[in-house]
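Chemist: Can you keep this structure in mind? I'll have questions shortly.
Number of protein chains: 2
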Amino acid sequence: MASSTVENYLKHVLLLSEGTTELVSMGALAGSLNVVPGTVTTMIKALAVDGFVDHRPRQGVRLTEKGRRVALGVIRRHRLVETFLVSVLKMDWASVHSEAEQLEHAISDDVLDRLDALLGHPTTDPHGDPIPSAQGKLSSQVYPTLATCIIGKPLRVVRITDQSAEFLQFAEQNGLLPGANVRIVDRNLTAGLVSLKRSGAPATALSLAAAGKILVEQTR
Amino acid sequence: MASSTVENYLKHVLLLSEGTTELVSMGALAGSLNVVPGTVTTMIKALAVDGFVDHRPRQGVRLTEKGRRVALGVIRRHRLVETFLVSVLKMDWASVHSEAEQLEHAISDDVLDRLDALLGHPTTDPHGDPIPSAQGKLSSQVYPTLATCIIGKPLRVVRITDQSAEFLQFAEQNGLLPGANVRIVDRNLTAGLVSLKRSGAPATALSLAAAGKILVEQTR
DNA sequence: CGGGCTATTTTGATTAGTCAAAATAAAACT
DNA sequence: AGTTTTATTTTGACTAATCAAAATAGCCCG
């Protein structure tokens, strides 16, 4: 059995490598695991020996098939737990991330399958993040963000890619939950601002950095 | 924060001291924690330094108020989780104990309170074990067992005091879930047998050892 | 009372995970 | 090319939890 420390390392390697083919750097891992770089190097070398990752010294690391399987399992548990906490226990969507960090390591396959069924086999969690299937398939659809897509067209929020409670609360306050319909009114690169309009609400502005964390799709 | 190891030690001290005023021996703890006695001595000394237990060298250990609070919290989490797994996820009551062993260390107070509310503030878990209240009150009603109580009177099963999956399955097969109505037909001390009758079922027999693990109350 | 059995405690080692700080390699700039 | 900066790796040390095995203390019993 992979310890929860091992599970966490693998999960973070996967999350940090999402969207790129680049190797994940020790520094990035150290940052997201809240651990000093030396610790990461040591740990990654051990994970490489166990066949979970492929380590290129001084360059970075990537998951092996074996490591990816474990990581997807952790992420599946995490996101299903989040969904459960929001849908069944009616918890605040901004706070469920940290709860799930603990529970993702304590849930058996049996319990997980039942949760999955209870929730109706959801494909995304409350933040719009895709839930890997039991077979380890992860939908990797690429969406544009509010920072990159066309002005004027009607859009729908599909995913928020920042799990911090502060950002999620900010998104909620601005009505930017997954499913919300919005339209970009204007984007000013120089000022670093994006202006939005959603139906039945005054226009709001947010920074490009924030806009880049909100994935959307065109409706119609 | 108490580590899950610490939580486990305290939980086992409490469970082993239930019903007696005796100190809990290192050997008993070692047995129920699946650890060698030397490890227990070392750990208990550390717990004593932190004020969780009161250690009388060569005699045994008991919980302090502080340790008791922690232990009751763990047991509350354990039993509420078991109840959830059976009532909501429809899991087999014989298998939920081991699931809960993991989850009891990973659940926050917030999640626990919501679970408690969702389940309607139950006072016992599926095995009839009392659930400590959020304030740390544990009903300690003393029930007779099938091995000790009077022959002939109508009885109701209230609790099974053996968490092993085998015993629970055995109890289930014989219709001895909490709530079941039974009557003792005969008890033969020499043969070590107790004969039972429950309404609408043939009489069955079980050993005195088994009967002693089934707590009952008189109906009417 | 003294010897022996048993439970407990001590001692010395081990493993997983971590940090601080020194050493090294690679990249980036003059 | 040579020097500086930055990231990574190494080294040595620490903590929590554990075990095996030796030492010790109690207790029981003749």
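Protein chains in written order, with the numbering used here: chain A, 1 to 220; chain B, 1001 to 1220.
Glycine included, C-beta positions come from ideal geometry on N, C-alpha and C.
As the structure is a prediction and not an experimental result, all values here were calculated from the model.
Using 10 angstroms around the beta-carbon of alanine 180/A, count the other beta-carbons present and answer buried if the total reaches 16, otherwise exposed.
Modeler: Burial call: buried.
Chemist: Taking DSSP as the reference, what is the three-state secondary structure of arginine 56/A?
Modeler: Strand.
Chemist: Using only the alpha-carbon positions, how far apart do lysine 1137/B and alanine 203/A sit?
Modeler: Each residue's Cα considered, the two are about 53 Å apart.
Chemist: Between the alpha carbons of leucine 1222/B and threonine 1039/B, how many angstroms are there, rounded?
Modeler: This structure gives no information on residue 1222/B, because the portion of chain B shown stretches from 1001 to 1220.
Chemist: Considering just the uninterrupted stretch of the beta strand (DSSP E) at valine 1157/B, what are its terminal residues?
Modeler: Per DSSP, valine 1157/B belongs to the beta strand (DSSP E) from 1154-1160.
Chemist: Please check the pair isoleucine 1160/B and isoleucine 1214/B, which I expect to be a contact at CB under 8 Å, by giving their CB distance rounded to whole angstroms.
Modeler: Correct: roughly 6 Å between the Cβ atoms.
Chemist: Is the Cβ-Cβ distance between isoleucine 1107/B and leucine 1014/B less than 9 Å?
Modeler: No; because the gap between Cβ atoms is not below 9 Å, this pair is not in contact.
Chemist: Using a Cβ-Cβ cut-off of less than 8 Å, list which residues of the region 1082-1095 of chain B approach chain A; keep chain order.
Modeler: Cβ contacts with chain A come from Leu1085, Val1088, Leu1089, Lys1090, Met1091 and Ser1095.
Chemist: What is the residue span of the beta strand (DSSP E) that arginine 1183/B lies within?
Modeler: Segment 1181-1188, the beta strand (DSSP E) holding arginine 1183/B.
Chemist: Would you kindly work out how many angstroms separate the C-alpha atoms of histidine 1012/B and serine 95/A, rounded to a whole number?
Modeler: Roughly 32 Å separates the two Cα atoms.
Chemist: Please report the residue range of the alpha helix (DSSP H) in which alanine 205/A lies.
Modeler: Not the alpha helix (DSSP H): alanine 205/A falls in the beta strand (DSSP E), residues 204-207.
Chemist: Roughly how many angstroms separate the alpha carbons of threonine 83/A and arginine 1198/B, rounded to a whole number?
Modeler: Using only the alpha carbons, I get a separation of about 44 Å.
Chemist: Please list the partners that valine 70/A has in chain B, where partner means a Cβ-to-Cβ separation under 8 Å.
Modeler: None at all; the shortest Cβ gap to chain B is about 17 Å.
Chemist: Pull up the CB-CB distance for valine 1088/B and leucine 1103/B, whole angstroms please, since I reckon it's below 8 Å.
Modeler: So it is not a contact: roughly 13 Å between Cβ atoms.
Chemist: When burial is assigned at 16 or more other CB atoms within 10 Å of the CB, is glycine 1067/B buried or exposed?
Modeler: The residue in question, glycine 1067/B, is buried, as its Cβ has 16 or more Cβ neighbours within 10 Å.
Chemist: Would you check if the distance between the CB atom of alanine 209/A and the CB atom of alanine 147/A is smaller than 9 Å?
Modeler: Yes, the Cβ-Cβ distance between alanine 209/A and alanine 147/A is below 9 Å.
Chemist: Would you please verify whether the beta carbon of arginine 1114/B is less than 9 Å from any beta carbon of chain A?
Modeler: By this cut-off, arginine 1114/B is an interface position.
Chemist: Could you name the residues that DSSP lists as bridge partners for isoleucine 214/A?
Modeler: Answer is Ile160/A.
Chemist: Taking a cut of 9 Å between CB atoms, which residues from the region 2-23 of chain A lie near chain B?
Modeler: For the region 2-23 of chain A, which is checked against every Cβ of chain B, not one residue is closer than 9 Å.
Chemist: Name the chain A residues that come within less than 7 Å of glutamate 1099/B, Cβ to Cβ?
Modeler: In chain order: Ser108 and Val111.
Chemist: Put serine 98/A into one of helix, strand or coil per three-state DSSP.
Modeler: Helix at serine 98/A.
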